[in-house]
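Trainee: Encoded as structure tokens, here's the structure I'll be asking about.
There are 4 protein chains.
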Amino acid sequence: MPHSPEDKKRILTRVRRIRGQTEALERALEKGDACIAILQQIAAVRGAANGLMAEMMEIHLKDELVAGETTEDQRAARMAEVAHLIRSYLK
Amino acid sequence: MPHSPEDKKRILTRVRRIRGQTEALERALEKGDACIAILQQIAAVRGAANGLMAEMMEIHLKDELVAGETTEDQRAARMAEVAHLIRSYLK
Amino acid sequence: MPHSPEDKKRILTRVRRIRGQTEALERALEKGDACIAILQQIAAVRGAANGLMAEMMEIHLKDELVAGETTEDQRAARMAEVAHLIRSYLK
Amino acid sequence: MPHSPEDKKRILTRVRRIRGQTEALERALEKGDACIAILQQIAAVRGAANGLMAEMMEIHLKDELVAGETTEDQRAARMAEVAHLIRSYLK
Numbered sequence: 001m002p003h004s005p006e007d008k009k010r011i012l013t014r015v016r017r018i019r020g021q022t023e024a025l026e027r028a029l030e031k032g033d034a035c036i037a038i039l040q041q042i043a044a045v046r047g048a049a050n051g052l053m054a055e056m057m058e059i060h061l062k063d064e065l066v067a068g069e070t071t072e073d074q075r076a077a078r079m080a081e082v083a084h085l086i087r088s089y090l091k
Numbered sequence: 001m002p003h004s005p006e007d008k009k010r011i012l013t014r015v016r017r018i019r020g021q022t023e024a025l026e027r028a029l030e031k032g033d034a035c036i037a038i039l040q041q042i043a044a045v046r047g048a049a050n051g052l053m054a055e056m057m058e059i060h061l062k063d064e065l066v067a068g069e070t071t072e073d074q075r076a077a078r079m080a081e082v083a084h085l086i087r088s089y090l091k
Numbered sequence: 001m002p003h004s005p006e007d008k009k010r011i012l013t014r015v016r017r018i019r020g021q022t023e024a025l026e027r028a029l030e031k032g033d034a035c036i037a038i039l040q041q042i043a044a045v046r047g048a049a050n051g052l053m054a055e056m057m058e059i060h061l062k063d064e065l066v067a068g069e070t071t072e073d074q075r076a077a078r079m080a081e082v083a084h085l086i087r088s089y090l091k
Numbered sequence: 001m002p003h004s005p006e007d008k009k010r011i012l013t014r015v016r017r018i019r020g021q022t023e024a025l026e027r028a029l030e031k032g033d034a035c036i037a038i039l040q041q042i043a044a045v046r047g048a049a050n051g052l053m054a055e056m057m058e059i060h061l062k063d064e065l066v067a068g069e070t071t072e073d074q075r076a077a078r079m080a081e082v083a084h085l086i087r088s089y090l091k
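Chains as they are written, first to last, in UniProt numbering: chain A, 1 to 91; chain B, 1 to 91; chain C, 1 to 91; chain D, 1 to 91.
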């Protein structure tokens, strides 16, 4: 998880916002809201999931590749772990 | 909302799955799971949000442009409503 | 291809712009431009490809589902063809 | 640009492939190919642009954050430059 308490809190806030959005979506579907309104809410969930992914990726790169005293070999090993995630989430 | 009860149920199931994923993410963050595991869970939320958007868009096009007896003018008016959503969600 | 000459022209203009952007990228790589500048040009190509996809999808839906006198069955058959494209391009 | 000649060559190969795809798209539009075929070619351009972005991002992180002897401060300054790109390309 994020190393700094501030980063962890920011990520948790984003995750809770998405949970709140999905609860609002359930209510909107149950009371029969118009499709266009439903689609707009879904687009907002998607945008929030993208924002969460970008922020967590940034925090991870900072924690693993930037912070502390590390050797090139250590950073290369950590980069290999994150590289396939970058590829998969750009599809 | 989706016109057929089956479509509505499929969309609700997808929305609830995303809610469940965000709840699991909160627990993972609270117990301090590794960042790579957190990133993979976030990537799954993102994939699920994309799948939900695609299915709802498809249902909406079916309900508005395909189903029933409609005139070209009616369909053109409905298309105009959905066109900006297509543009915005391809960003 | 797009049914109206205006739509076809708009799509061709977008395709040619992307070709021009890739030619500029080649030149930038060959003369050794900074990575950040290269990444910004690549992000622009990606944005242009998304814009092209959205516009062509919209034109296709208009040509196939909106235009002319069609029966529900005809529109359902055309929708089936486009549905898997919507799913695949939202990944 | 990428620091290693092999990386630069891989990026150039990807850029040239996209240029080739846009040239094929122009020909397909000019000879009036079916819309579904055009949409599939556009989806391929989009996928290739995403793959190019992911590979260039990975090379950039490797060159700037992994390679060589660097201080935490140097890496933090380089990370700040790339952070807004990560955010913008996840939209």
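We treat Cβ as the ideally placed atom computed from N, Cα and C, and that holds for glycine. Quantities reported herein were computed from a predicted structural model and do not represent experimental measurements.
In its own chain, which residues sit with a C-beta less than 8 Å from the C-beta of glutamine 41 of chain C, not counting the 5 before and 5 after it?
Mentor: Counting from 1 along the third sequence, the entry for residue 41 of chain C is found at position 41. Here the set comprises Gln21, Ala24, Leu25 and Ala28.
Trainee: Using a Cβ-Cβ distance under 8 Å, would residue 94 of chain C count as near chain B?
Mentor: Nothing about residue 94 of chain C can be read from this structure; chain C reaches only from 1 to 91.
Trainee: Looking at chain A, is there any beta carbon in it that lies within less than 8 Å of the beta carbon of alanine 44 of chain D?
Mentor: Mapped onto the fourth sequence, residue 44 of chain D falls at position 44. False, the Cβ-Cβ gap to chain A never drops below 8 Å.
Trainee: Which residues bound the alpha helix (DSSP H) around alanine 25 of chain B?
Mentor: Taking the second sequence and counting its residues from 1, one reaches residue 25 of chain B at position 25. Per the sequence shown, residue 25 of chain B should be read as leucine rather than alanine. Leucine 25 of chain B -> alpha helix (DSSP H) spans 5-30.
Trainee: Does lysine 8 of chain A come within less than 8 Å of chain B when only Cβ atoms are used?
Mentor: By one-based count along the first sequence, residue 8 of chain A stands at place 8. Interface residue, yes.
Trainee: Does the Cβ-Cβ distance between valine 15 of chain B and leucine 65 of chain C come in under 8 Å?
Mentor: If you number the second sequence from 1, residue 15 of chain B lands on position 15. If you number the third sequence from 1, residue 65 of chain C lands on position 65. Against a cut-off of 8 Å, the Cβ pair of leucine 65 of chain C and valine 15 of chain B comes out as no contact.
Trainee: Could you please tell me which residues of the region 56-88 of chain B, in chain order, have their CB closer than 8 Å to any CB of chain A?
Mentor: Flagged, chain order: Met56, Met57, Ile59, His60, Asp63, Glu64, Glu81, Val82, Leu85 and Ser88.
Trainee: Would you give the residue range spanned by the alpha helix (DSSP H) that valine 45 of chain B belongs to?
Mentor: Residue mapping note: residue 45 of chain B aligns to position 45 of the second sequence, counting from 1. Residues 35-61.
Trainee: Suppose you measure from the CA of isoleucine 11 of chain B to the CA of lysine 31 of chain A; what does that come to, to the nearest Å?
Mentor: For the purposes of this step, residue 11 of chain B is taken as residue 11 along the second sequence, with counting starting at 1. For the purposes of this step, residue 31 of chain A is taken as residue 31 along the first sequence, with counting starting at 1. Their backbone Cα atoms lie some 14 Å apart in a straight line.
Trainee: Tell me, please, whether the region 43-62 of chain C touches the region 37-56 of chain B by the rule of three or more beta-carbon pairs shorter than 8 Å.
Mentor: Segments in contact, no.
Trainee: Compute the Euclidean distance between the alpha carbons of serine 88 of chain A and glutamate 55 of chain D, then round it to the nearest angstrom.
Mentor: By 1-based counting over the first sequence, the position of residue 88 of chain A is 88. By 1-based counting over the fourth sequence, the position of residue 55 of chain D is 55. Using only the alpha carbons, I get a separation of about 11 Å.
Trainee: Evaluate proline 2 of chain D with the Cβ neighbour count: other Cβ atoms within 10 Å of its Cβ, from every protein chain shown; 16 or more gives buried, anything less gives exposed.
Mentor: In the fourth sequence, the residue the question calls residue 2 of chain D occupies position 2. Buried is the call here.
Trainee: Tell me the DSSP secondary structure of alanine 76 of chain D in three-state form.
Mentor: Here residue 76 of chain D refers to the residue found at position 76 of the fourth sequence. Alanine 76 of chain D: helix per DSSP, three-state reduction.
Trainee: Determine whether the beta carbon atoms of isoleucine 59 of chain D and methionine 57 of chain A lie at a separation below 8 Å.
Mentor: One-based indexing of the fourth sequence puts residue 59 of chain D at position 59. One-based indexing of the first sequence puts residue 57 of chain A at position 57. Not in contact: isoleucine 59 of chain D and methionine 57 of chain A (Cβ atoms no closer than 8 Å).
Trainee: Once you ignore the five residues that flank arginine 78 of chain A on each side, which residues in its own chain have a CB closer than 7 Å to its CB?
Mentor: As a working note, residue 78 of chain A is residue 78 in the first sequence. Correct list, in chain order: Glu64 and Leu65.
Trainee: By the criterion of Cβ-Cβ separation under 9 Å, what are the contact partners of alanine 24 of chain C in chain B?
Mentor: On the third sequence, residue 24 of chain C is found 24 positions in, with the first residue counted as 1. Within 9 Å Cβ-Cβ: nothing; alanine 24 of chain C doesn't reach chain B, min ~22 Å.
Trainee: With distances taken Cα to Cα, identify the nearest neighbour of arginine 19 of chain D among D:Ala44, D:Gln74, D:Lys62 and D:Asp7.
Mentor: Reading the fourth sequence from its first residue, position 19 is the one you call residue 19 of chain D. The option with the nearest alpha carbon to arginine 19 of chain D is D:Ala44.
Trainee: Assuming leucine 61 of chain C and valine 82 of chain C are in contact, meaning their beta carbons sit under 8 Å apart, how far apart are those beta carbons, in whole angstroms?
Mentor: Sequence index remark: in the third sequence, residue 61 of chain C carries index 61 (1-based). Sequence index remark: in the third sequence, residue 82 of chain C carries index 82 (1-based). Confirmed, about 7 Å.
Trainee: Taking glutamate 72 of chain C and glycine 68 of chain B to be in contact with their CB atoms under 8 Å, please state how far apart those CB atoms are, rounded to whole angstroms.
Mentor: Taking the third sequence and counting its residues from 1, the one referred to as residue 72 of chain C is at position 72. Taking the second sequence and counting its residues from 1, the one referred to as residue 68 of chain B is at position 68. Contact flag correct, Cβ pair sits at about 7 Å.
Trainee: Is any beta-carbon of chain B found at less than 8 Å from that of alanine 54 of chain C?
Mentor: Against the third sequence, residue 54 of chain C aligns to sequence position 54. Chain B, which has a Cβ nearer than 8 Å to the Cβ of alanine 54 of chain C, makes this yes.
Trainee: Less than 7 Å between C-beta atoms, sequence neighbours within five positions excluded: which residues of the same chain meet that for lysine 8 of chain A?
Mentor: On the first sequence, residue 8 of chain A is found 8 positions in, with the first residue counted as 1. Same-chain partners within the cutoff: Met1 and Pro2.
Trainee: Determine the burial state of threonine 70 of chain A: buried for a count of at least 16 other Cβ atoms within 10 Å of its Cβ, exposed for fewer.
Mentor: Along the first sequence, one-based indexing puts residue 70 of chain A at 70. Threonine 70 of chain A should be labelled buried.
Trainee: Measure the alpha-carbon distance for arginine 75 of chain A versus arginine 75 of chain D and round it to whole angstroms.
Mentor: Residue numbering aside, residue 75 of chain A sits at position 75 when the first sequence is read from its first letter. Residue numbering aside, residue 75 of chain D sits at position 75 when the fourth sequence is read from its first letter. Approximately 11 Å, taken between the alpha carbons.
Trainee: For glycine 51 of chain D, decide whether its Cβ has a neighbour in chain C, counting only Cβ atoms nearer than 8 Å.
Mentor: Numbered from 1 along the fourth sequence, position 51 holds the residue referred to as residue 51 of chain D. No, no contact with chain C.
Trainee: By how many angstroms is the C-alpha of alanine 80 of chain D removed from the C-alpha of alanine 34 of chain B?
Mentor: Working through the second sequence from its first residue, we reach residue 34 of chain B at position 34. Working through the fourth sequence from its first residue, we reach residue 80 of chain D at position 80. One C-alpha to the other measures close to 23 Å.
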